[in-house]
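2 protein chains.
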Amino acid sequence: MRRVSIEDIARHAEVSHSTVSRALRGNKRISLTVRTRILQIANELGYTPNAIAQSLQQRQTNTIGLVVTDVADPFWGEVVKGVEAVSMHNQKALFLSASQYDPSRQLAVIEVFHQRRVDGIIVGDSQLGDAQMNRLARIKVPTVFLNSQVDHAYPGFHAVGIDNYAGGVLAAQHLWALGHRHLAYLGSTKRPASNQMRSLGFAETLRGYGLPPGALATHHSTSLADDLRIGYELASAIDYTQTTALFCYNDSIALGALTYCRSVGIAVPEQLSIVGFDDVAIAQFSMPALTTIAQPKVALGETAMQLLLAVLAGQPSIDTILTPTLVVRHSSAPAPKGTAQ
Amino acid sequence: MRRVSIEDIARHAEVSHSTVSRALRGNKRISLTVRTRILQIANELGYTPNAIAQSLQQRQTNTIGLVVTDVADPFWGEVVKGVEAVSMHNQKALFLSASQYDPSRQLAVIEVFHQRRVDGIIVGDSQLGDAQMNRLARIKVPTVFLNSQVDHAYPGFHAVGIDNYAGGVLAAQHLWALGHRHLAYLGSTKRPASNQMRSLGFAETLRGYGLPPGALATHHSTSLADDLRIGYELASAIDYTQTTALFCYNDSIALGALTYCRSVGIAVPEQLSIVGFDDVAIAQFSMPALTTIAQPKVALGETAMQLLLAVLAGQPSIDTILTPTLVVRHSSAPAPKGTAQ
DNA sequence: ATTAATTGCGCACACGTGTGCACGGATTGT
DNA sequence: ACAATCCGTGCACACGTGTGCGCAATTAAT
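Respectively, the protein sequence lines represent chains A and B. Quick note: the first sequence uses the working numbering, first residue -19, plus one each step. Quick note: the second sequence uses the working numbering, first residue -19, plus one each step.
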């Protein structure tokens, strides 16, 4: 079941394969008569250029590798969508792999990408340690880290992300302004870096306002389970005689917490305010609609891809940190009177 | 910035590149001493095999192309996850592209996959017409259609999907048994085939029970908007003085409808029952938790990939139709007394 | 001790494409 | 009319890898 090659076309047109190659590529040194004849024959034979052979010859594959933690995660789904759109628009094919939050698998995927000689790599939510970063640095493939915390000690690496700390600050400002004085953070160690920064921005801002240390509870689930479940379980461990507000690592965890509250009869937002993170599609359709810190998810993916393309084109390119925004909906409200002081 | 090749290794080891190739592949005709020396040098030089050159030589790329309508859709996100998992486990790299519900783009993507000489293709929710199917048939790449309606006039094509008609039947049985006698179907023409089958299974079953034609309203949105929004808008067009039950094309539309009901004070499930389709992750965490027709989403992706692998291995392989199941939660209940007759 | 078998390795080709260089023929300049 | 230019095409190589075949050297068999 051999495919038709330019050699086959050459035989039919009674020319050399060089001429066919030039004709197909529109080289002006080929006469018009010969060119049209070749194009016609190519069409009749159903010729499709072999990108593999071209890649080998050109030492460039026009291929990008994308590794994320979990494709089924609504956040990453949108990011992937943005990456894919820009990628396709620029005639780059996209390899996709999921690491399932396993750093060693993350690196393994990257090695496979390298074998396939991808022109560039985008790695989402990198959890690579020093040793792994060194290994990665050796292969010298342009790499963009997406929502990852990487020290820029390594030259040639680039980054796109959002300011997680600022997101935590936004949540703190919002809830403090509503009068909440006993709060909790619900996070997950599945993404250590961003979880840490959101938690930190939240905590430091509150402390700056004068909140006593004991009035902020932080819970970090170490489970790899579905975030909705994690939220449900973390929410069940909170002492609601004191706590009047929850800030959650992401919307899925917030929605899980919300579900727990409904099931045990805690009124949101009357008794308890909940703030999420990401602003996934469902956030605005939950009951009540979720107040959240919005990330420009699709734009995040698009930006990462555009940055990578710029690097590949040799253009000067700078890392980008996008800023999250507060979206106030109906899951947050002033603290109940009895508890605010 | 040339990469190290077996030729480079050969120079260092003072052997021919053939010997290096054989040594790396573990050919037993190479002496142990030479082999270990070569392996050591390969390691020192940081050699990584060039999969492009291998692909050209072997006329096989160990690559699969996957095209879906929308990666950010929670349903397809899970399907992609299943495909990717099996793919990676079998050392196949995965190309991903989204068609955004555009049939011509769907075909364009497939042509790109063909240029890259993928070993096989999985196309989700195919909307290819006859002409496009003919074009696809000409390139003779093993193809698995996932949740698509394809006539098997084309040999060499395979299919994996769920029985959408049976899903519609399940919904009808459930709602009829609860006493509902005025119902509505909320669908979307973004996926013509499956939408048609679900609607049909639902309608024919109800008619078989003796429901008068006028007691079932069917609404098909032609919008390309987010499904949550579609559900919200479709739900706002229903006459709730009669209708006591909604069957929705998928969970996102159902959740949109649910949000509408909450916003205008329609009690679910007391006044109105809602049944969705897919059983996406959020379905069990909505308020009330959604009664739905569950699809084995990840299994769907896994099955498709396994079928494709079987085809590639030349094994006898048969198309698979998985059966959806009814998951009863809290968005469906007996019809209110006043309306049931 | 001579032949046969085995072992270890290199030569050369193939996969499909792109391109520098040379070369023959046509065209133009003086 | 002869030389200089230009146009169209083919030759040959490169990209990196795998493998059939042959060849020399070593070992085993008679």
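For every residue, glycine included, the Cβ atom is placed at its ideal position computed from N, Cα and C. Only a predicted model underlies this, so the values are computations on that prediction, with no experimental measurement involved.
| query | Using 8 Å as the threshold, is the stretch 137 to 149 of chain B in touch with the stretch 117 to 128 of chain B, meaning 3 or more CB pairs across them? | reply | The stretch 137 to 149 of chain B, when compared against the stretch 117 to 128 of chain B, does touch it at the 8 Å Cβ threshold.
| Taking C-alpha atoms, which residue in B:G57, B:N42 and B:G148 lies nearest to B:R96? | Counting from one through the second sequence, the residue named residue 96 of chain B turns up at place 116. Selected option, being the one with the closest Cα: B:N42.
| Got a sec: is the Cβ-Cβ distance from A:M(-19) to anything in chain B below 9 Å? | As a working mapping, residue -19 of chain A is identified with position 1 in the first sequence. In this prediction, A:M(-19) has a pLDDT of 49, which is less than 50 and means its spatial position is unreliable; nothing more can be read from the coordinates.
| Just by C-beta distance, which residues in the stretch 70 to 101 of chain B are closer than 7 Å to chain A? | A73, L74, F75, L76, S77, A78, V92, H94, Q95, R96 and R97
| For chain A, is any of its Cβ atoms less than 9 Å away from the one on B:I119? | Start at 1 with the first residue of the second sequence, and residue 119 of chain B comes out as number 139. Output row for B:I119: interface = yes.
| request: Report all residues from its chain with a CB closer than 6 Å to the CB of B:L280; omit the five preceding and five following residues, and keep chain order. | output: The residue you call residue 280 of chain B lines up with position 300 of the second sequence. Excluding positions up to five away in sequence, the list reads V59.
| field | Pair within 9 Å by beta-carbon distance, B:S253 and B:L292 | value | Reading the second sequence from its first residue, position 273 is the one you call residue 253 of chain B. Reading the second sequence from its first residue, position 312 is the one you call residue 292 of chain B. Taking 9 Å as the cut-off, the beta carbon of B:S253 is found no closer than this to the beta carbon of B:L292.
| request: With 9 Å as the threshold, decide whether the Cβ of B:V51 is near any Cβ in chain A. | output: To locate residue 51 of chain B, count along the second sequence from 1; it is residue 71. Yes, its Cβ sits closer than 9 Å to a Cβ of chain A.
| query | B:H(-3) by DSSP, collapsed to three states: which one? | reply | Here residue -3 of chain B corresponds to residue number 17 of the second sequence, with the count starting at 1. Of the three classes helix, strand and coil, the one that applies to B:H(-3) here is helix, per DSSP.
| message | So the candidates are B:R178, B:L238, B:K72 and B:A284; which of them puts its Cα closest to the Cα of B:Q251? | response | Sequence index remark: in the second sequence, residue 251 of chain B carries index 271 (1-based). Closest option to B:Q251, Cα to Cα, is B:L238.
| message | I'd like to check one pair, A:E64 with B:S77: are the Cβ atoms closer than 9 Å? | response | Against the second sequence, residue 77 of chain B aligns to sequence position 97. Against the first sequence, residue 64 of chain A aligns to sequence position 84. Cβ distance < 9 Å, so B:S77 and A:E64 count as in contact.
| request: Give the single residue among A:E213, A:D207 and A:S106 whose Cα lies nearest to the Cα of A:D231. | output: For the purposes of this step, residue 231 of chain A is taken as residue 251 along the first sequence, with counting starting at 1. Per the Cα distances, A:D207.
| Assuming A:R15 contacts A:A3 under a Cβ cut-off of 8 Å, what Cβ separation, rounded to an integer in Å, is found between them? | The residue given as residue 15 of chain A occupies position 35 in the first sequence. The residue given as residue 3 of chain A occupies position 23 in the first sequence. Confirmed, Cβ separation roughly 4 Å.
| said: Residues in the same chain with beta-carbon distance under 6 Å from A:I(-14), minus the five sequence neighbours each way, listed in chain order, please. | reply: As a working note, residue -14 of chain A is residue 6 in the first sequence. Closer than 6 Å at the Cβ level, and outside the excluded window around A:I(-14), lie H(-3), V0 and S1.
| request: For A:K317, count neighbouring Cβ atoms within 10 angstroms of its own Cβ and tell me buried if that reaches 16, exposed if not. | output: By one-based count along the first sequence, residue 317 of chain A stands at place 337. That one is exposed.
| A:Y145 CB to nearest chain B CB: under 9 Å? | In the first sequence, counting from the first residue as 1, residue 145 of chain A sits at position 165. The Cβ of A:Y145 sits no closer than 9 Å to any Cβ of chain B.
| task | Kindly provide the ranges of any alpha helix (DSSP H) runs that are 4 or more residues long and lie completely inside the stretch 206 to 274 of chain B, ordered along the chain. | result | Counting only unbroken stretches of 4 or more residues, the alpha helix (DSSP H) elements lying wholly within the stretch 206 to 274 of chain B are 207 to 215 and 231 to 244, in sequence order.
| A:F265 versus chain B: which residues are under 7 Å apart at the beta carbon? | Position 285 of the first sequence, counted from the start, is the residue given in the question as residue 265 of chain A. Per Cβ cutoff of 7 Å: L208, L235, G236 and T239.
| task | Evaluate B:I298 with the Cβ neighbour count: other Cβ atoms within 10 Å of its Cβ, from every protein chain shown; 16 or more gives buried, anything less gives exposed. | result | Taking the first residue of the second sequence as 1, we reach residue 298 of chain B at position 318. B:I298 comes out exposed.
| task | Flag B:A284 as yes when its Cβ comes closer than 8 Å to any non-hydrogen atom of the ligand PLP, and as no otherwise. | result | By its list of ligands, the structure shown contains no ligand whatsoever, and the ligand PLP lies outside what it can speak to.
| query | Which residues, in chain order, does the stretch 252 to 277 of chain B contribute to contact with chain A at a C-beta distance below 7 Å? | reply | A261, I262, F265 and M267
| When the Cα of A:R(-12) is compared with those of A:F93, A:T13, A:I10 and A:L19, which residue comes out closest? | On the first sequence, position 8 is the one that residue -12 of chain A refers to. For the record, residue -12 of chain A in the displayed sequence is Asp; it is not Arg. Per the Cα distances, A:L19.
| field | Among A:K72, A:Q275 and A:P249, the one whose alpha carbon lies nearest that of A:S266 | value | Within the first sequence, residue 266 of chain A is the residue found at index 286, counting from 1. Ranking the options by Cα distance to A:S266, first place goes to A:P249.
| query | Alpha carbon to alpha carbon, how far is A:V89 from A:Q80? | reply | In the first sequence, residue 89 of chain A corresponds to position 109, counting from 1. In the first sequence, residue 80 of chain A corresponds to position 100, counting from 1. Approximately 11 Å, taken between the alpha carbons.
| said: Report the start-end ranges of each alpha helix (DSSP H) in the stretch 46 to 130 of chain A that is 4 residues or longer and not cut off at the edges. | reply: Counting only runs of at least 4 residues, the stretch 46 to 130 of chain A fully encloses the following alpha helix (DSSP H) elements, listed from N- to C-terminal order: 54 to 69, 83 to 95 and 110 to 119.
| query | For B:H138, which beta-bridge partners are listed by DSSP? | reply | Counting from 1 along the second sequence, the entry for residue 138 of chain B is found at position 158. Its beta-bridge partners are B:V124.
| Which class does B:H(-8) belong to by DSSP, given the choice of helix, strand or coil? | Numbered from 1 along the second sequence, position 12 holds the residue referred to as residue -8 of chain B. Helix.
| query | Of all Cβ atoms in chain A, is any one closer than 9 Å to the Cβ of B:L36? | reply | Taking the first residue of the second sequence as position 1, residue 36 of chain B is located at position 56. Yes, its Cβ sits closer than 9 Å to a Cβ of chain A.
| query | In or out: A:M(-19) buried (at least 16 other Cβ within 10 Å) or exposed? | reply | One-based indexing of the first sequence puts residue -19 of chain A at position 1. Legend: pLDDT at A:M(-19) = 49, less than 50; position of this residue unreliable, value from coordinates given subsequently. Label assigned to A:M(-19): exposed.
| field | Rounded Cβ spacing between A:G181 and A:G211 (contact assumed at less than 8 Å) | value | Taking the first sequence and counting its residues from 1, one reaches residue 181 of chain A at position 201. Taking the first sequence and counting its residues from 1, one reaches residue 211 of chain A at position 231. About 20 Å separates the two Cβ atoms, so there is no contact after all.
| message | Given this structure, state the Cα-to-Cα distance separating B:G159 from B:P268, to the nearest angstrom. | response | Here residue 159 of chain B refers to the residue found at position 179 when the second sequence is read from its first residue. Here residue 268 of chain B refers to the residue found at position 288 when the second sequence is read from its first residue. Their Cα atoms are separated by approximately 20 Å.
| query | Going by Cα to Cα distance, which pick from B:V244, B:E213, B:L306 and B:L36 is closest to B:D259? | reply | As a position in the second sequence, residue 259 of chain B is number 279, starting the count at 1. Considering only alpha carbons, the answer is B:L306.
| message | Helix, strand or coil, according to DSSP, for A:G190 in the structure here? | response | For the purposes of this step, residue 190 of chain A is taken as residue 210 along the first sequence, with counting starting at 1. Of the three classes helix, strand and coil, the one that applies to A:G190 here is coil, per DSSP.
| field | Pairwise C-alpha distance: A:T272 and A:A151 | value | What you label residue 151 of chain A is simply residue 171 of the first sequence in a count that begins at 1. What you label residue 272 of chain A is simply residue 292 of the first sequence in a count that begins at 1. Using only the alpha carbons, I get a separation of about 8 Å.
| field | Straight-line Cα distance separating B:A197 from B:Q222 | value | By 1-based counting over the second sequence, the position of residue 222 of chain B is 242. By 1-based counting over the second sequence, the position of residue 197 of chain B is 217. So the alpha carbons of these two residues sit roughly 11 Å apart.
| Any idea what DSSP makes of B:S174, helix, strand or coil? | Working through the second sequence from its first residue, we reach residue 174 of chain B at position 194. Helix, per DSSP.
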